[in-house]
Amino acid sequence: MKNYVLKYNKPAEYSENGWQNEVLPIGNGMLGMCVFGGVSEEHLQFNEKTLWTGGPSKSRKDYIGGNVENSYEYLEKIREALRRGDKKAVLKFKDKLVGVKDGYGAYQNFGEIVLKFPHGVFSDYERQLDIT
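Using full-length UniProt numbering, the final residue of the sequence shown is 132, and nothing's skipped along the way.
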């Protein structure tokens with residue numbers, strides 16, 4: 001079995017884009033957190049899967065989150081088309097699985113916890129996340 005370990009020898013850069021490449025993400029599919037790994041100041045950004053800017057509103061009374069009633073019926077049609085090698089049919093039916101995407105909105109940051117530690121000098125820094 002391969003080991004999948006993310007290792008860093010410095011904290012994640014706390015900047016607008018630093019989190020994208022360097023934070024250690026943890027979560028369970030419902031709740032998530034990005035751990036920056038700071039020593040004197042740690043930032044923990046957390047979220048919850050249902051927090052979005054879009055969704056139902058007075059202007060979109062028929063909003064159903066992109067869900068399509070009976071979309072499962074098209075799944076079997078897609079499988080049959082794949083077995084036949086009928087790419088045109090696959091492309092035609094795939095759009096029937098998901099409804100209108102307008103109104104989804106954007107995923108939102110639920111909050112951020114900042115922990116401050118009045119420590120002195122540190123050395124041999126390492127942080128890691130084993131996702132094996």
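From the three backbone atoms N, C-alpha and C, an ideal C-beta is built for every residue, glycine too.
For residue i, which three-state DSSP category applies?
i: lysine 92; result: helix
i: asparagine 21; result: helix
i: glutamate 41; result: strand
i: tyrosine 107; result: strand
i: lysine 77; result: helix
i: lysine 87; result: helix
i: leucine 97; result: coil
i: tyrosine 8; result: strand
Apart from the five residues on each side of it in sequence, which residues of its chain come closer than 6 angstroms, Cβ to Cβ, to residue i?
i: leucine 97; result: Ser71 and Tyr74
i: lysine 77; result: Phe93
i: valine 114; result: His43
Considering only residues of the same chain and omitting the five flanking positions on each side of residue i, which have a CB-CB separation below 7 angstroms?
i: phenylalanine 122; result: Val39
i: glycine 27; result: Met33
i: asparagine 67; result: Gly99
i: alanine 81; result: Ala89, Val90 and Phe93
Return the Cβ separation of residue i and residue j in integer angstroms, given the expectation that the two are a contact with Cβ distance under 8 angstroms.
i: threonine 53; j: glycine 105; result: 4 angstroms
i: asparagine 109; j: glutamine 45; result: 6 angstroms
i: valine 5; j: aspartate 124; result: About 17 angstroms separates the two Cβ atoms, so there is no contact after all.
i: isoleucine 64; j: glycine 120; result: So it is not a contact: roughly 56 angstroms between Cβ atoms.
Given this structure, state the Cα-to-Cα distance separating residue i from residue j, to the nearest angstrom.
i: glutamate 13; j: glycine 55; result: 33 angstroms
i: phenylalanine 117; j: valine 23; result: 19 angstroms
i: lysine 58; j: lysine 88; result: 38 angstroms
i: glycine 107; j: asparagine 17; result: According to the sequence as given, residue 107 is tyrosine; it is not glycine. Roughly 16 angstroms between the two C-alpha positions.
I'd like to check one pair, residue j with residue i: are the Cβ atoms closer than 7 angstroms?
i: asparagine 47; j: glycine 32; result: yes
i: glutamine 10; j: glutamine 128; result: One detail in the question is off: residue 10 reads as lysine in this sequence, not glutamine. Not a contact, by the Cβ cut-off of 7 angstroms.
Enumerate in chain order the residues of its own chain whose CB-to-CB distance from residue i is below 8 angstroms, with the five nearest sequence positions on each side excluded.
i: methionine 1; result: Thr132
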